[in-house]
Amino acid sequence: MIARLSLVCGVLAALLAPSLLRAEQPVLPLALPSLERSSVSGHLRILSATDAEMIAPLLQGFRHRYPDITVEYVEYDQSQDLNRDVQAACRQHMPLADLIINSAIDLQVKLVNGGCAQRQSLRAALPEWARWRDELYGLTYEPVVIAYRKSAFPAGNPPRSRFEMLDLMRHDPALYYGRVGTYDIRSSGAGYLFMTLDATQASTFGRMMESLARSQARLVCCSAQVLDGLQDGSLSLGYNILGAYALDRQRKGGSEIGIIFPEDYTLVFTRTAFVYKFASNPSAAAAFIDFALSDEGRRISREETTLLNPIDGEPALRVLYGLPPDAPLRLRPIEISPALLLGQDQQKRRHLLKEWLAALHEIASEGPGEGW
Amino acid sequence: MTTPYPYSSIKARLLIPLLAILLAGTFALAVAAAPYSRKAVDSVYDLLLAGAVLQIGERVQVDDGEVVVDLPGSAFELLALAREDRVFYRVLSPDGRTVTGDDVLPEPVRHLTPGKPLFYNSSVLGSPVRVAALRREMAERSLSGSVLVLVAQTMQARDDLAETLWRGSLVAIGLVCLLILLLSALAVRVALRPLASIDQALLAKNPRDLSPLVIEAPAELTHTVSAINQFLDRLRTQVNSTQSFIADVSHQLRTAITAIRAQAELAAEEDDPDRLRMLAARIHKRSVGLGRLSSQILNRAMVIHRADAVPLIPLDLRALALNADDLDHAPLPKDEVLVAGDPVSLEEALNNLISNAQRYGQPPLAVRVWQDDQADRACLAVRDHGQGIPPEHWEQAGERFNRIGQGGAESAGLGLAIVKAVAEAHQGSLLIQRGEDGGFEIGMSIPLLHEEPLA
Chain A
1 MIARLSLVCG VLAALLAPSL LRAEQPVLPL ALPSLERSSV SGHLRILSAT DAEMIAPLLQ
61 GFRHRYPDIT VEYVEYDQSQ DLNRDVQAAC RQHMPLADLI INSAIDLQVK LVNGGCAQRQ
121 SLRAALPEWA RWRDELYGLT YEPVVIAYRK SAFPAGNPPR SRFEMLDLMR HDPALYYGRV
181 GTYDIRSSGA GYLFMTLDAT QASTFGRMME SLARSQARLV CCSAQVLDGL QDGSLSLGYN
241 ILGAYALDRQ RKGGSEIGII FPEDYTLVFT RTAFVYKFAS NPSAAAAFID FALSDEGRRI
301 SREETTLLNP IDGEPALRVL YGLPPDAPLR LRPIEISPAL LLGQDQQKRR HLLKEWLAAL
361 HEIASEGPGE GW
Chain B
1 MTTPYPYSSI KARLLIPLLA ILLAGTFALA VAAAPYSRKA VDSVYDLLLA GAVLQIGERV
61 QVDDGEVVVD LPGSAFELLA LAREDRVFYR VLSPDGRTVT GDDVLPEPVR HLTPGKPLFY
121 NSSVLGSPVR VAALRREMAE RSLSGSVLVL VAQTMQARDD LAETLWRGSL VAIGLVCLLI
181 LLLSALAVRV ALRPLASIDQ ALLAKNPRDL SPLVIEAPAE LTHTVSAINQ FLDRLRTQVN
241 STQSFIADVS HQLRTAITAI RAQAELAAEE DDPDRLRMLA ARIHKRSVGL GRLSSQILNR
301 AMVIHRADAV PLIPLDLRAL ALNADDLDHA PLPKDEVLVA GDPVSLEEAL NNLISNAQRY
361 GQPPLAVRVW QDDQADRACL AVRDHGQGIP PEHWEQAGER FNRIGQGGAE SAGLGLAIVK
421 AVAEAHQGSL LIQRGEDGGF EIGMSIPLLH EEPLA
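Chains A and B, in that order, give the protein sequences.
1 is the number of the first residue of the first sequence in full-length UniProt numbering; add one for each residue after it.
1 is the number of the first residue of the second sequence in full-length UniProt numbering; add one for each residue after it.
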């Protein structure tokens with residue numbers, strides 16, 4: 001009889017459990033139907049602030065895997081423009097695209113925080129730092145590096161860290177006058193993010209501002225323009241350059257370009273993607289994320305692109321950049337978390353921009369898109 | 001529980017209510033645990049919100065007549081501890097303008113004490129959030145009034161932790177429930193063990209041994225043991241009296257039979273016809289007496305058997321009196337005189353009373369029935385006008401084979417014994433008294449039956 005009674009106890013508890021819990025849990029959107037090849041079809045519209053050429057192998061692989069999905073890839077030059085469009089559409093509950101990919105993590109976090117994303121249930125084994133709320137997923141693993149022109153350092157002694165870079169610029173200002181390139185943070189979303197992180201993470205930030213100002217650093221919109229300058233010899237150093245782009249350029253005839261992982265710390269960021277709240281084909285969008293993080297997708301990002309992915313992480317990065325296993329690396333992945341909202345605060349942003357402008361007041365901005 | 005009726009087992013009687021209490025308790029605990037764990041979780045996460053809102057509040061300044069906030073990174077790090085939750089904040093200037101943050105975050109409806117965070121539930125963009133609100137009084141030359149700082153967070157982390165806590169407490173409650181059940185089963189088993197010792201003491205007894213049980217019984221069972229002992233006591237008395245009755249009866253029968261045999265032997269050697277006739281008359285008289293004795297013995301046995309075996313029914317003593325034929329009866333009461341009785345036994349008793357009165361009393365005889373309200377008794381008696389039993393023998397009247405006064409050889413001395421036995425079988429007693437007019441009355445008084453007749 002005792003066994004029977006305890007069974008009753010257990011059954012009662014089991015019956016009780018879901019009914020009580022249901023009241024406490026927020027209503028989750030329905031889990032996606034299984035992402036089988038046959039079940040997903042239709043049109044997939046991706047808005048992305050990523051060079052189409054960089055991500056092309058991944059798109060190709062996706063098309064191959066899901067032949068029933070037609071992919072439309074809309075490329076934005078500026079992450080802030082992309083962000084503005086999504087925000088505007090999201091506010092009006094308008095359909096705009098299915099998948100949003102952007103390198104400016106803080107902008108993406110702000111959109112997701114504002115409810116512009118759909119929750120997914122994907123199997124991806126992403127590390128904690130590269131995912132948020134089952135809505136925002138990190139697809140790439142990209143170091144933020146110092147790029148240099150090899151012929152500008154004939155002795156083979158480019159700066160290995162921020163400290164060395166500062167010392168060089170202070171020691172020989174004339175040599176670097178007008179020959180250092182970095183972001184114009186007014187127009188570059190990623191540049192602004194890196195700067196806010198530099199500001200909070202390093203004691204070198206103030207001196208870096210000062211040195212950049214003194215050497216009349218060139219302010220540009222994008223890594224590509226710095227790399228152009230390094231290639232044509234008009235620049236010697238590029239600060240906070242996207243490693244993936246630098247490596248890609250190096251491989252495509254830019255043998256002049258050298259890459260340094262700053263030894264004090266190297267930021268690593270992940271290009272994040274989310275399924276847009278008012279997507280017309282959310283399952284196709286989820287399928288893309290799922291594919292990018294699948295074994296096949298990861299193989300492509302590792303072998304056919306320079307983007308890498310958060311799951312493979314540091315070991316794959318060493319292989320890709322040809323670093324010996326014992327080379328010192330201080331990688332600091334940027335964690336996707338609500339803490340990134342700080343930099344996007346209106347007052348904070350205004351304040352930082354004001355400070356930055358004050359520091360660089362002598363520097364004339366070339367403005368985005370004008371090229372060198 | 002092998003019996004088909006669970007309530008026929010004391011274990012089941014104890015365990016089933018116990019289980020019901022346990023289940024009700026478990027249910028109540030489980031229900032109570034959910035809001036309790038929620039409350040605990042809320043108070044912890046509210047501290048995070050409080051920390052963030054206080055840190056932000058501290059950074060509110062007035063610059064050139066404008067409210068400015070230099071948001072501290074630590075506040076966001078604090079909020080990001082609930083990693084999966086969305087964060088909203090808003091700073092409002094005294095004129096109600098949003099200085100920075102999300103317009104979508106609703107303002108508190110309650111009054112705020114400056115410097116003291118207030119917590120409330122609200123919703124942002126359709127998601128439920130927990131809000132901490134802080135009012136800071138600004139008193140600058142260029143601006144005075146209160147600045148409102150709101151920080152809100154969705155409740156994913158709270159829900160997760162509350163659920164984890166609740167599930168944990170359910171497991172604990174379930175285990176305790178199981179443990180209590182096992183211990184109760186054990187306790188019941190231990191508590192019921194003394195019952196078995198009574199069984200064993202009874203079973204171990206020699207069938208002829210009617211002496212009281214001598215066992216150590218717990219307080220609750222002393223009544224049972226003493227009831228068993230009282231029963232054994234009565235049984236012993238009963239057996240003793242039956243044995244002495246049998247001894248008496250066999251003595252009586254043997255005496256009567258010996259007398260008849262002696263007369264018959266005398267008669268066999270007698271030649272004188274007159275004496276022979278006399279002897280025959282004596283033998284006849286003795287035989288009649290013997291016949292009556294044996295029928296009384298049988299009647300008494302019947303009465304005693306019926307007292308044990310026949311259920312009592314409501315009956316009116318007046319009807320009994322009317323049935324006694326060829327007798328006068330004194331005027332009967334107008335109302336019925338109800339008792340719970342066995343009509344056959346009562347009639348037998350009445351017959352014995354009448355026959356005693358006919359034999360020893362003086363006519364006129366009468367049957368009387370009356371109701372003694374004071375003693376709550378119904379009385380049935382036969383009255384004659386003879387000497388009756390002398391008062392000094394009233395005490396012994398009704399004892400077996402106790403012939404009082406006039407009883408001759410033909411009297412068996414069992415008539416009154418039967419009457420007494422019937423009276424006692426009806427919780428009554430023998431009634432002997434002198435009537436108002438000098439008559440002698442002997443009968444029974446039996447408790448009256450009130451209200452509902454016995455079923």
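Yeah, the Cβ is synthetic: ideal placement off N, Cα and C, and Gly gets one too.
Every value quoted in this text rests on a predicted model; they were computed, and no experiment measured them.
Below-7 Å beta-carbon distance, residue i vs any chain B residue
{"i": "S236(A)", "result": "no"}
{"i": "Q347(A)", "result": "yes"}
{"i": "L341(A)", "result": "yes"}
{"i": "S38(A)", "result": "With a pLDDT of 49 at S38(A), under the threshold of 50, the modelled position of that residue is not reliable, and no figure is offered here."}
{"i": "N113(A)", "result": "yes"}
{"i": "S337(A)", "result": "yes"}
{"i": "R133(A)", "result": "yes"}
{"i": "T272(A)", "result": "no"}
{"i": "T204(A)", "result": "no"}
{"i": "T200(A)", "result": "yes"}
Of the listed residues the options, nearest to residue i (C-alpha basis)
{"i": "P343(B)", "options": "L353(B), Q371(B) and P311(B)", "result": "P311(B)"}
{"i": "Q371(B)", "options": "P333(B), P364(B), A357(B) and S287(B)", "result": "P333(B)"}
{"i": "I46(A)", "options": "S280(A), R318(A), R218(A) and G115(A)", "result": "S280(A)"}
{"i": "W132(A)", "options": "L352(A), I334(A) and Q344(A)", "result": "I334(A)"}
{"i": "P154(A)", "options": "L340(A), A287(A) and S236(A)", "result": "S236(A)"}
{"i": "S93(B)", "options": "R136(B), E399(B) and L118(B)", "result": "R136(B)"}
{"i": "residue 374(A)", "options": "V268(A), L227(A), G297(A) and G322(A)", "result": "Outside the displayed range of chain A (1 to 372) lies residue 374(A), so it cannot be described from this structure."}
{"i": "E347(B)", "options": "P364(B), A321(B) and A375(B)", "result": "A321(B)"}
{"i": "residue 457(B)", "options": "L78(B), V60(B), E77(B) and G361(B)", "result": "Absent from the model: residue 457(B). The displayed extent of chain B is 1 to 455, so no value can be given."}
{"i": "E314(A)", "options": "L329(A), S301(A) and N157(A)", "result": "L329(A)"}
{"i": "Y183(A)", "options": "A174(A), S79(A), Q60(A) and Q344(A)", "result": "S79(A)"}
{"i": "P262(A)", "options": "L227(A), F163(A), M208(A) and F278(A)", "result": "F163(A)"}
{"i": "A330(B)", "options": "G439(B), G101(B) and I283(B)", "result": "G439(B)"}
{"i": "G375(B)", "options": "V214(B), A397(B), P447(B) and R318(B)", "result": "Reading the sequence as shown, one finds Ala at residue 375(B) and not Gly. Considering only alpha carbons, the answer is P447(B)."}
Cβ of residue i within 7 Å of any chain A Cβ
{"i": "L195(B)", "result": "no"}
{"i": "A187(B)", "result": "no"}
{"i": "T100(B)", "result": "yes"}
{"i": "F231(B)", "result": "no"}
{"i": "R83(B)", "result": "yes"}
{"i": "F76(B)", "result": "yes"}
{"i": "residue 470(B)", "result": "The shown model of chain B, from 1 to 455, leaves out residue 470(B), and the question about it has no answer."}
{"i": "G96(B)", "result": "no"}
{"i": "V87(B)", "result": "yes"}
{"i": "G73(B)", "result": "yes"}
{"i": "A80(B)", "result": "yes"}
{"i": "L125(B)", "result": "yes"}
Paired residues, beta bridge with residue i - DSSP
{"i": "S122(B)", "result": "V129(B)"}
{"i": "F205(A)", "result": "The partner list for F205(A) (beta bridge, DSSP) is empty, contrary to what the question assumes."}
{"i": "S144(B)", "result": "A139(B)"}
{"i": "E355(A)", "result": "DSSP, once it has assigned bridges, lists no residue as partnering E355(A)."}
{"i": "F76(B)", "result": "Looking at the DSSP assignment, F76(B) forms no beta bridge with any residue, so it has no partner."}
{"i": "M444(B)", "result": "L380(B) and L430(B)"}
Q) Counting pairs of Cβ atoms below 8 Å between the stretch 142 to 161 of chain B and the stretch 113 to 132 of chain B, do you hit three or more? A) With a cut-off of 8 Å on Cβ pairs, the stretch 142 to 161 of chain B is in contact with the stretch 113 to 132 of chain B, counting three or more such pairs.
Q. Okay, do the stretch 32 to 43 of chain B and the stretch 103 to 118 of chain B touch, 3+ Cβ pairs below 8 Å being the bar?
A. Too few Cβ pairs lie closer than 8 Å, so no.
Q) Is the stretch 229 to 247 of chain A close to the stretch 141 to 151 of chain A, with three or more CB pairs under 8 Å? A) Contact check between the stretch 229 to 247 of chain A and the stretch 141 to 151 of chain A: three or more CB pairs, one atom from each, fall below 8 Å, which counts as touching.
Q.
So, does the stretch 255 to 274 of chain A touch the stretch 120 to 140 of chain A, judging by three or more C-beta pairs under 8 Å?
A. Yes, since at least three Cβ pairs between the stretch 255 to 274 of chain A and the stretch 120 to 140 of chain A fall closer than 8 Å, the two stretches touch.
Q.
For the stretch 345 to 364 of chain B against the stretch 379 to 386 of chain B, do three or more pairs of beta-carbon atoms, one drawn from each stretch, fall closer than 8 Å, so that the two count as touching?
A. These segments touch.
(Q) Check whether the stretch 194 to 208 of chain A and the stretch 72 to 89 of chain A are in contact - that is, three or more C-beta pairs closer than 8 Å. (A) No, the stretch 194 to 208 of chain A is not in contact with the stretch 72 to 89 of chain A.
**Q.** Cβ contact (3+ pairs, closer than 8 Å) linking the stretch 296 to 310 of chain A and the stretch 66 to 79 of chain A
**A.** The way I'd put it, the stretch 296 to 310 of chain A doesn't touch the stretch 66 to 79 of chain A; fewer than three beta-carbon pairs between them come closer than 8 Å.
Q) In the stretch 306 to 338 of chain A, which residue ranges form an unbroken alpha helix (DSSP H) of at least 4 residues, counting only runs that do not cross its ends? A) Listed in chain order, the alpha helix (DSSP H) elements of length 4 or more contained wholly in the stretch 306 to 338 of chain A are 313 to 321.
Q: Pick out the complete alpha helix (DSSP H) segments inside the stretch 73 to 152 of chain A, 4 residues or longer, and give them in chain order.
A: Positions of the alpha helix (DSSP H) runs, each at least 4 residues long and wholly inside the stretch 73 to 152 of chain A, are given as 79 to 91 and 105 to 113 in order along the chain.
Q.
Count Cβ pairs between the stretch 216 to 223 of chain A and the stretch 253 to 260 of chain A that sit closer than 8 Å; are there 3 or more?
A. With fewer than three CB-CB distances shorter than 8 Å, the stretch 216 to 223 of chain A does not count as touching the stretch 253 to 260 of chain A.
Q. Does the count of Cβ pairs from the stretch 203 to 214 of chain B and the stretch 231 to 243 of chain B closer than 8 Å reach three?
A. Segments in contact, yes.
Q) How about the stretch 105 to 114 of chain A and the stretch 341 to 349 of chain A: do they share at least three Cβ pairs that are nearer than 8 Å? A) They touch, by the three-pair rule.
Q: Can you check the stretch 340 to 391 of chain B for any alpha helix (DSSP H) of at least 4 residues that lies completely inside it and give the ranges in chain order?
A: Qualifying alpha helix (DSSP H) stretches, in chain order: 343 to 360.
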